[in-house]
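Same order as they appear, the protein sequences are chains E and F. The opening residue of the first sequence carries number 17 in my numbering; numbering runs sequentially from there. The opening residue of the second sequence carries number 365 in my numbering; numbering runs sequentially from there. Before any comments, here is the structure.
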Amino acid sequence: MTVVRRLAPALLGVALAVLALGPALGPGFVLRYDMVFVPDPPILPDTGGFPRAVPSDLVMALLSRVVPAQLVQKAVLVGIFVLAATGAAALVPKGTLAKLAAAAFYGWNIYLAQRLLLGQWALLLGVAALPWAIKALAPGSGRAAWWWLPLALLPAAVGGFQAMLVSALALLPVAAFVRRLPAALLWLALLSLPWLVPALAAQAVTDPVGVDAFAARADGPFGVLGSLLAGGGIWNAEAGVPGQDDWWQATARLLLAVAGLAGFVRLGRSKERPAWWTGLAVASAAGLVIAALGPLVLEQLIALWPGFGPLRDGQVYVAPMVLAVAVGLSSLPVPRPLVIVAPLLVLPTFALGAFGRLDAVRYPGDWRAVQRIVNEDSAPGALLTLPWSAYRAHAWNEHRVILDPATKLFDRRVVWNDGLRIGMADGRVLVLDVEDPLARKVGEQLGRNVLDESTIRYVLLPASENTFLTDDPAWRPVFQGRELLLLRR
Amino acid sequence: MVRILAALIIGAVLAVGASAAVVNVAAPTAEAPPNQPLYNYGNR
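Right, here's the structure in full:
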């Protein structure tokens with residue numbers, strides 16, 4: 017019985033994962049927005065623009081040498097739910113049902129749902145492990161060993177810059193209040209090196225225009241602040257769960273979050289107030305301020321120094337508040353079974369891959385064929401992927417928008433347009449500056465219909481859009497399939 | 365006793381609302397393919 021009690025949060029995490037991912041756990045890859053896993057990914061250092069997929073892509077590529085990439089992806093996705101549920105439960109000092117109440121909310125909330133639907137699995141690794149890192153910092157947790165904090169931070173370290181920044185926001189106030197600031201600073205800095213060094217070395221720029229594009233938006237009738245308080249408010253309208261803006265769902269989500277915050281305050285006033293409580297309260301408030309007020313000042317700050325760029329997608333920083341709500345719900349004087357099922361009832365359409373928005377698909381054979389041809393070629397030169405835009409909506413992926421898989425498929429430098437296009441509510445399309453210097457140069461050459469021979473060896477195009485340089489005999493087709501056309505110089 | 369009654373009522377309201385939300389979403393007017401315009405990272 018004791019074993020079942022100890023395993024209960026993990027089992028709940030698995031159950032939530034199965035329910036949320038549903039069809040996405042079938043054979044194939046789950047591809048949506050930034051979540052692009054490919055078969056046999058290359059082991060390559062990240063080059064080009066800001067190192068957003070560092071070291072996450074490299075770690076996934078290494079793991080894919082041992083286990084098929086699609087299984088690695090499924091393990092990561094299920095792992096996010098299990099880590100989140102067990103971590104939130106671990107922050108609750110006693111009571112199996114109380115632990116499950118925290119676990120249920122932290123493993124099933126709109127923050128997690130929206131970020132998953134935007135494909136930000138790397139960020140979610142860090143968010144899921146956040147409670148474990150907080151527990152590792154707090155005294156009296158029985159986890160005083162020096163290695164426990166770096167171990168708890170490892171998922172965030174794998175996730176990369178966004179995961180580590182969210183972790184830093186939560187951990188630094190906690191560390192300050194429990195007097196373990198040097199240890200927290202040391203490990204946050206050390207584990208950030210894989211992305212920090214290339215970020216400082218990269219000549220990437222951050223376009224201040226992105227502040228408007230990535231600012232939090234209302235995902236229901238309660239405005240931006242109401243959305244953020246409920247844990248939602250992601251910038252992208254297409255990263256929402258179905259029906260999220262219905263008044264019933266939005267009201268229920270907001271009421272549950274407010275109840276959780278009330279529980280968190282109640283916990284802080286009780287004799288059982290944990291050592292990390294004040295730090296998490298400060299981090300929650302700070303995250304909410306960044307998300308809600310950041311756009312007012314960020315444009316000027318980014319113009320002064322591009323390093324403020326990561327703050328432009330401010331909604332990610334409400335993660336500590338989501339954790340505070342989860343812990344708060346566990347301390348409410350309400351029958352626990354209701355608190356355990358409430359997160360599912362207020363967000364029912366997250367189930368079954370958000371009703372099909374997450375699903376597993378197989379790459380058409382063309383992708384493997386071009387991957388083989390390019391990777392077997394030892395001659396130098398980059399691969400240019402066209403059309404000159406980063407995101408695609410393939411029919412074989414049921415028109416879900418994804419980052420071009422070619423950016424991760426080949427064992428050589430891939431040149432792609434990393435200048436994002438965002439459709440604004442007023443119908444304008446914001447186009448952000450290209451970050452990668454080489455992509456900037458190639459983009460200018462494309463505008464003049466002249467391509468530098470010394471840089472580009474391959475051009476990959478959709479077979480249906482073969483309009484590029486086809487008059488130039490120097491570019492010979494080396495593969496022509498139903499999906500893709502590969503040209504070589 | 366009052367707390368349990370209140371929890372039962374809240375639970376019933378949540379369950380009915382959740383069922384309505386699911387039925388609403390599962391109705392034939394599903395998500396339109398988000399490929400217009402094709403190459404946007406997203407739309408606000």
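Every residue, glycine too, gets a C-beta built ideally from N, C-alpha and C.
I'd like the span of the beta strand (DSSP E) that includes residue i, first residue to last.
i, result
"F495 of chain E", "492-496"
"V447 of chain E", "445-447"
"R504 of chain E", "500-504"
Judging by CA-CA distance, which residue of the options is the nearest neighbour of residue i?
i, options, result
"Q136 of chain E", "E:W432, E:V225, E:A69", "E:A69"
"L270 of chain E", "E:P353, E:L209, E:A358, E:W211", "E:A358"
"Y474 of chain E", "E:E460, E:L500, E:W292, E:G344", "E:L500"
"G176 of chain E", "E:L47, E:V213, E:P198, E:L187", "E:V213"
"P61 of chain E", "E:A376, E:D449, E:T423", "E:T423"
"Q178 of chain E", "E:R195, E:W211, E:V194, E:A154", "E:W211"
"L23 of chain E", "E:G330, E:A101, E:L133, E:V341", "E:A101"
"N125 of chain E", "E:A301, E:L32, E:V417", "E:L32"
"A278 of chain E", "E:A104, E:V338, E:F324, E:D235", "E:V338"
"V447 of chain E", "E:A229, E:L462, E:W292", "E:A229"
"V94 of chain E", "E:D56, E:R81, E:G38", "E:G38"
"L317 of chain E", "E:L436, E:L197, E:V225", "E:V225"
"Q461 of chain E", "E:P478, E:N433, E:R437", "E:N433"
"D50 of chain E", "E:G443, E:L132, E:G29, E:G435", "E:L132"
"W491 of chain E", "E:S480, E:G497, E:I472", "E:I472"
"D73 of chain E", "E:P421, E:V332, E:A441", "E:P421"
"D235 of chain E", "E:W164, E:T294, E:W263", "E:W263"
According to DSSP, simplified to helix, strand and coil, what is residue i?
i, result
"A398 of chain E", "strand"
"P478 of chain E", "strand"
"G435 of chain E", "coil"
"N407 of chain F", "strand"
"R269 of chain E", "helix"
"R408 of chain E", "strand"
"A391 of chain F", "coil"
"A376 of chain E", "strand"
"P401 of chain F", "The predicted position of P401 of chain F is uncertain, since its pLDDT is 48 and thus under 50; a value taken from the coordinates is nonetheless stated next. In this structure, P401 of chain F counts as coil in the three-state DSSP scheme."
"M51 of chain E", "strand"
"F45 of chain E", "strand"
"V380 of chain F", "helix"
"L363 of chain E", "coil"
"I373 of chain F", "helix"
"L419 of chain E", "strand"
"R473 of chain E", "strand"
"V430 of chain E", "strand"
Contact check, residue i vs residue j under 8 Å by CB: the rounded distance?
i, j, result
"S183 of chain E", "L201 of chain E", "Between L201 of chain E and S183 of chain E the Cβ distance is about 12 Å, and since that is not below 8 Å, they are no contact."
"L467 of chain E", "V431 of chain E", "No, L467 of chain E and V431 of chain E are not in contact; Cβ-Cβ is about 10 Å, not under 8 Å."
"V88 of chain E", "D375 of chain E", "Going by Cβ atoms, the distance from V88 of chain E to D375 of chain E rounds to 18 Å, so no, they are not a contact pair."
"F426 of chain E", "P58 of chain E", "6 Å"
"Q86 of chain E", "F53 of chain E", "7 Å"
"L345 of chain E", "A118 of chain E", "6 Å"
"R352 of chain E", "V227 of chain E", "Not really, about 42 Å apart at Cβ, beyond 8 Å."
"A268 of chain E", "L369 of chain F", "With 8 Å as the limit, A268 of chain E and L369 of chain F do not qualify as a contact, their Cβ atoms being about 20 Å apart."
"G463 of chain E", "A479 of chain E", "Not a contact, Cβ separation roughly 24 Å."
Grab the span of the alpha helix (DSSP H) containing residue i for me, first residue to last.
i, result
"M180 of chain E", "177-193"
"G330 of chain E", "Where G330 of chain E is concerned, there is no enclosing alpha helix (DSSP H), given that its DSSP letter is neither H nor E."
"M76 of chain E", "72-79"
"K90 of chain E", "85-107"
"K287 of chain E", "From DSSP, K287 of chain E is part of no alpha helix (DSSP H); its letter is neither H nor E."
"L37 of chain E", "18-37"
"W203 of chain E", "197-217"
"D382 of chain E", "381-391"
"A115 of chain E", "Correcting the residue identity first, residue 115 of chain E is Lys in this sequence and not Ala. Counting along the chain, the alpha helix (DSSP H) containing K115 of chain E begins and ends at 112-122."
"W148 of chain E", "137-153"
"G239 of chain E", "239-245"
"T423 of chain E", "422-425"
"R456 of chain E", "453-464"
What's the call for residue i, buried or exposed, on a 16-neighbour Cβ count within 10 Å?
i, result
"V380 of chain F", "exposed"
"E451 of chain E", "buried"
"W162 of chain E", "exposed"
"K115 of chain E", "buried"
"N465 of chain E", "exposed"
"T18 of chain E", "exposed"
"K110 of chain E", "exposed"
"I373 of chain F", "exposed"
"K90 of chain E", "buried"
"P401 of chain F", "Any reading at P401 of chain F is ruled out, since the residue's pLDDT is 48, under 50, leaving its predicted position unreliable."
"Q265 of chain E", "buried"
"I392 of chain E", "For clarity, residue 392 of chain E is Glu in the given sequence; the question names Ile instead. It is exposed - the Cβ of E392 of chain E has fewer than 16 other Cβ atoms within 10 Å."
"R48 of chain E", "buried"
"P198 of chain E", "exposed"
Of all the CB atoms in chain A, is at least one closer than 8 Å to the CB of residue i?
i, result
"N125 of chain E", "Absent here is chain A; the protein component of the structure consists of chains E and F."
Does the beta carbon of residue i fall short of 7 Å from some heavy atom of the ligand SAH?
i, result
"R408 of chain E", "Absent from the structure shown: the ligand SAH. Ligands present: none."
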